[in-house]
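Visitor: Read in the working numbering, the sequence shown has 1037 at position 61, and its numbers run on one by one without any break.
Where a beta carbon is used, it is the ideal one built from N, C-alpha and C, also for glycine.
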Amino acid sequence: MIKNLKDLVIIILTFGVLLLLGVIIIGDYYVALQENRPVDESVITLMKMSLTGMIGVIAGYIGSK
């Protein structure tokens, strides 16, 4: 599965960004529930842009093979 260092870097980058994004989103949802406020729109925008960027990075990597 992991044939060289580029594969490992892409896997670590993807899981790291998704993990960090998950922590941010879950944290904001938790704070919003505790304070009885709506979820911050900037967090939703961050999620959309991050997922779009990750799809672009992964697609570029797969396309280069």
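#1: Quick one: Cα of residue 1025 to Cα of residue 984, how far?
#2: Only counting the same chain, and skipping five residues up and downstream in sequence, which positions put a Cβ closer than 8 Å to that of residue 1036?
#3: Alpha helix (DSSP H) containing residue 1024: first to last residue?
#4: What number of angstroms, rounded off, separates the C-alpha of residue 1002 from the C-alpha of residue 1028?
#5: Could you tell me whether any non-hydrogen atom of the ligand GTP is closer than 8 Å to the CB of residue 1007?
Guide: Quick answer:
#1: As a working mapping, residue 1025 is identified with position 49 in the sequence shown. As a working mapping, residue 984 is identified with position 8 in the sequence shown. Roughly 23 Å separates the two Cα atoms.
#2: Counted from its first residue, the sequence shown places residue 1036 at position 60. None.
#3: The residue labelled residue 1024 in the question sits at position 48 within the sequence shown. 1017-1040 is the span of the alpha helix (DSSP H), which, as asked, contains residue 1024.
#4: Numbered from 1 along the sequence shown, position 26 holds the residue referred to as residue 1002. Numbered from 1 along the sequence shown, position 52 holds the residue referred to as residue 1028. Rounded to the nearest angstrom, the two C-alpha atoms are 19 Å apart.
#5: For the ligand GTP, the structure offers nothing, since it holds no ligand at all.
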